[in-house]
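A short worksheet on the structure shown next.
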Amino acid sequence: MLHSRGLPGVALGALCLTYALGASLGWGSPQLSVFMGDFGLAAAALAAALSCLAYGCAVGGHARPAWLLFGLSSLMVSFGNGTWGWYELVEGTPLPQDSLAEYAFLLFAPLAITGVLVLAQRPRSAAGWLCLLLDGWLVAGSLFTLSWSLALGRTAAGEVGSPLRLALNLAYPVLDILLVSLVVGLRFGGRDGNRAAVHTAMVGLAVTVLCDALFTSPELRVSYHSGELLDAGWFAGSLLLAWAPWSPRWRRPLREHPSVGGLPRRRVATTFSALTPYAAAAVCTAGILYNALGGRTLDRVVAAAACTVGLALILRQGVMLLDNLSLAQELAHKEAHFRSLVQGSSDVIMIAGANGVLSYVSPAALGVYGRDPEELVGGNLLDLVHPEDVDRVLLEVRRFLARGRRAAHRNPGAAEPSARVECRISSGGGEWLHVESTVNRYRDGLILNSRDVTERVILQAQLQHNAFHDPLTDLPNRALFSQRVRAALGARGQQGGSGTGVAVLFLDLDGFKAVNDSAGHQVGDELLVQAARRLQGAVRCGDTVARFGGDEFAALVCGPLGRLQVQELAERLRVALSEPYWIGGAELSVAASIGIAFGTPERGPAADPRAATDELMRNADLAMYRAKSEGKGRVVLYTPAMRADLERRTELEERLRVAVREGGFTLLHQPVVDLVNGAVATVEAQARWRSAQGLLLTPAEFLRSAEFGDAATRFSRWLIHEAVSAAVLRRAAAGRVRPAPAPAPVPVSVRLSAERLCSPGMYEAVVAALRDTGLPATQLVIEVARMGPDTLADELGRRLAALRRLGVSTALAGFGAGSGSLGALARLPFDGLKLDRTLVQDLGESALSRTLAGHALRLGRDLGLVTAAEGVDLPRQLSALQELGCRQGQGSAFAPPLDETRLRRALARRVYPLPRPLGSLSARRAYLAADTRTSGRGEGGPTRVAHHHGASDLPEHRAVAGPGHGPHGETVVPPA
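Under numbering that gives the first Met the number 0, read the sequence shown as residues 0 to 975, first letter to last.
Below is the structure:
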């Protein structure tokens, strides 16, 4: 790029040298010499004219008139030289006086002077105009005095007969002197634009004027002929003017002063411009001395010009003195302004030399560093920096200087870059302060603007610590624990897994919720803090203990430990956490369930440490939950079977969710028969899953697999809604078939587990189903099939009470199979009791089963509950239950689960045949009569005592999710 830009200049220089060499050698023949002296100069001037005119038409702004004038002036020169050549070569006669060529040459200077004035920068004040006029006259007057003394005086003396000839002879040098004066003035007062083009044009004009001045000399003019060496100067001036508009452009960057709001700062005179008046006076003095030393009388013109030059010099000195005083005042004002800014700044400003010695320190150092600025001046900057930061500071400074040199080389006019360096500086009190410094170049050294950022650094460190630590126990949190596990696995993979092991322990405090609920959250937080300290004291110094939130902790064990040692460590942690806690004078106890998982080294480029970390932590979490499910307070080691079981449960839960959403379940009903008269007392709604082969299967396996998900809750809501909707449809169909008198409607029972009944939104689902369908609440029975953990007892009692206030009957189903306790019967509001099929199936053969069933039924009657039994499949079971006083029975001895069509037929029949009892009929009737009096229920199954209670007021307690299935087996039921 640089070579291509300089190529036109090289060609121009070579062309000028070639012309000068030919002129010095006489061009080989007089005819060629005259041709090159006339038409060669005409061609060069014509090229300059065309170039300036074309550029003037293309460019816009204030420069267009100037270039057009320069083109016209060159066109005059071309016309003059062409006319001269016509006379000499074509007509063969010398150039006559008063020819068109002389007038064309005379028009060159005025047009060029006008163009220079257009390009000149106009002064902004009257003083500026006065200085411009004085400077112009100093240059013009001095040159006029010298020219008059050397040649003009003799020229004027020789032209006595023709005033026009005298005017023409004097006009050339006078106009050239004026042009030179303006060119000198433009050099120091020109506008900041395309400075290369302007300067090249001024050089071309100056070369042309210099040749004109030499031609004015009478001795040279008499002996001049075309093609001499003097023509080479005119030729070079024309080519420079032709090349000026297209010369490589460069624009000096606008220098701004920071105190004037981005305005261009005041121009300062250069040395040459300051010496110009004195140089002009020296030239004038040389002209006077030439006359005096030559023995000539002092010409009045020289005396007058010299006096005016001297007077202009005196006035110029006065103006310069006043300008200097103004500049001194302005400088003093700005210095005071910047001094107040520096001294009042809260940042410390220091200037350091190339050797690091401080030459200036602002007064802010006393408040920031606690050091006297005068004591710091003369010392080395690196002596204040912390020894650990010295190398880093030097490296940053070297990078900054290298970056600045590269930027200056690429873009010389661009602003210099700055750099930020942070280090620790010694304060006067002996402390190390964190300091942030902005570094800039200053002459041969550096200027540093420093501020104390110690509080910011401390705050950042605290925020970073808080981001990776638990705020209560100050243990690492999950994010930091995951990072350390990832690093441990990566290090083990690099070492090949030999001699090192990585184990992750997940710990959960059993019984912590009870402590929180009974003693309060403040006591619970203190217990967590003590537990964290116990964990830290039980592990090794290289291990990591973290808290994930709530009562969940984790430990990372690394090193040459086997599985047995890790299990022993986990047992120590369990024992340490299980010891009593003394908080506020009270003794509190919790247990710990711990899961252990061992990491495997990941090798190869495809190994993902993040995925390995997540898998290891999931495995430990699975082992911990297995420990809780197996009875809590124990240590369990992860096995791959746990992951397979989890994946199986997840898959089955998804299948159950899809079946609920896409209608994969259907509803069957099994009648519950009154054992006194054989009438249908209630019907129990039972769901069946429709397989791909069209078989109806019970969803018990799915519900057991989805024990910890939300699929069972969704299934239970669907079961309630479908059972209530089917009951409403049956009531409407029965009313249409038998308009009068219609029998009493048969209630529908839905079996749920305690976990499902206590799950969020289940009570609202029951209320919404009754409200949307219009079924009376007295026609719905909720059977609790499994009591669940003891922690659900209170919440279950509130839910059952709310249902009874709503009018819904409640019953305990599956009694005798571990699904309930005697205490639950005493404190929970049940209306009925249903024996499990495990007590019923051996009634005909086992005396023990008969005794247990009898005691259970007697307990239900004593508590005022309606007794029932399920799994009544054989006649001898039915007879035994009648003898034991059981009120209702359900099983295949009456009817299996029926679809809607068969169920309506059974309800239309209303009564099932009962076998003859084996014992005394009078004794059995007396037994059942006693049952009736005790229970307070009527003989008819469908009839029940109405409950008149207010609206439900349920507290917002959330229970642990669990399965919502009945005790049905996996019996295949043919599709209806």
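We put the CB at the ideal spot given by N, CA and C, even for glycine.
Which same chain residues, not among the five before or five after residue i, have their C-beta less than 8 Å away from its C-beta?
i: P64; result: G55, G114, V117
i: S577; result: S588, V589, A590, A591, G632
i: M623; result: F505, L506, D507, S592, I593, G594, V635
Quick check on the burial criterion: 16 or more other C-beta atoms within 10 angstroms. Buried or exposed for residue i?
i: C15; result: buried
i: E661; result: exposed
i: I457; result: exposed
i: A945; result: Below a pLDDT of 50, predicted positions are generally treated as unreliable, and A945, at 36, falls in that range; the measurement from the model is reported next regardless. Burial call: exposed.
i: P746; result: buried
i: L99; result: exposed
i: L534; result: buried
i: P475; result: buried
i: R625; result: buried
i: I313; result: exposed
i: G870; result: buried
i: A768; result: buried
i: T199; result: buried
i: C210; result: buried
i: P670; result: buried
i: L6; result: exposed
i: V389; result: exposed
i: D542; result: buried
i: W26; result: buried
For residue i, which residues of its own chain have a beta-carbon under 7 Å away from its beta-carbon, when the five flanking residues on both sides are left out?
i: T837; result: G815, A816
i: L827; result: L795, G796, L799
i: G12; result: none
Look at the Cβ atom of residue i, then the Cβ atom of residue j, and state whether they are nearer than 9 Å.
i: V565; j: A553; result: no
i: C422; j: R397; result: no
i: L526; j: V589; result: yes
i: A351; j: L394; result: no
i: L471; j: D507; result: no
i: V347; j: S449; result: yes
i: T1025; j: D830; result: Because the chain is modelled from 0 through 975, residue 1025 falls outside the range shown and cannot be assessed.
i: S758; j: E683; result: no
i: G70; j: D37; result: no
i: G39; j: F214; result: no
i: A241; j: C51; result: yes
i: A611; j: L488; result: yes
i: S686; j: I582; result: The sequence given here has Ala at residue 686, not Ser. No, these two residues do not count as a Cβ contact at 9 Å.
i: L469; j: G548; result: Note that residue 469 corresponds to Asp in the displayed sequence, not to Leu. Yes. Within cutoff.
i: Q778; j: R730; result: yes
i: R785; j: E754; result: yes
i: L94; j: Y86; result: yes
i: L906; j: G888; result: no
i: F107; j: G79; result: yes
Can you name the residues that DSSP bridges to residue i?
i: S592; result: D507
i: S891; result: The partner list for S891 (beta bridge, DSSP) is empty, contrary to what the question assumes.
i: R886; result: DSSP lists no partner for R886.
i: Y624; result: Beta-bridge pairing links Y624 to no other residue.
i: D451; result: V434
i: Y983; result: What is shown of the chain runs 0 to 975, which leaves residue 983 out entirely.
i: Q685; result: L667
i: P475; result: H468
i: R804; result: Partner(s): none; R804 has no beta bridge.
i: S748; result: E683, V780
i: W581; result: E586
i: D673; result: Q887
For residue i, which residues of its own chain have a beta-carbon under 6 Å away from its beta-carbon, when the five flanking residues on both sides are left out?
i: G236; result: G203, V206, T207
i: W717; result: V659
i: N515; result: G523
i: F597; result: A502
Exercise. Just checking, does the segment 887-894 make contact with the segment 670-680 on the three C-beta pairs under 8 Å criterion?
Worked result: The segment 887-894 is in contact with the segment 670-680.
Exercise. Just checking, does the segment 429-436 make contact with the segment 446-459 on the three C-beta pairs under 8 Å criterion?
Worked result: Contact between the segment 429-436 and the segment 446-459 is established, with three or more Cβ pairs separated by less than 8 Å.
Problem set entry | Cβ pair count under 8 Å reaching 3, the segment 567-580 against the segment 631-651 | Contact holds: three or more Cβ-Cβ distances are below 8 Å.
For this session: Check whether the segment 772-785 touches the segment 722-733, counting contact only when three or more Cβ pairs, one atom from each stretch, lie closer than 8 Å.
Result: The segment 772-785 is in contact with the segment 722-733.
Exercise. Counting pairs of Cβ atoms below 8 Å between the segment 350-360 and the segment 332-340, do you hit three or more?
Worked result: No contact exists between the segment 350-360 and the segment 332-340.
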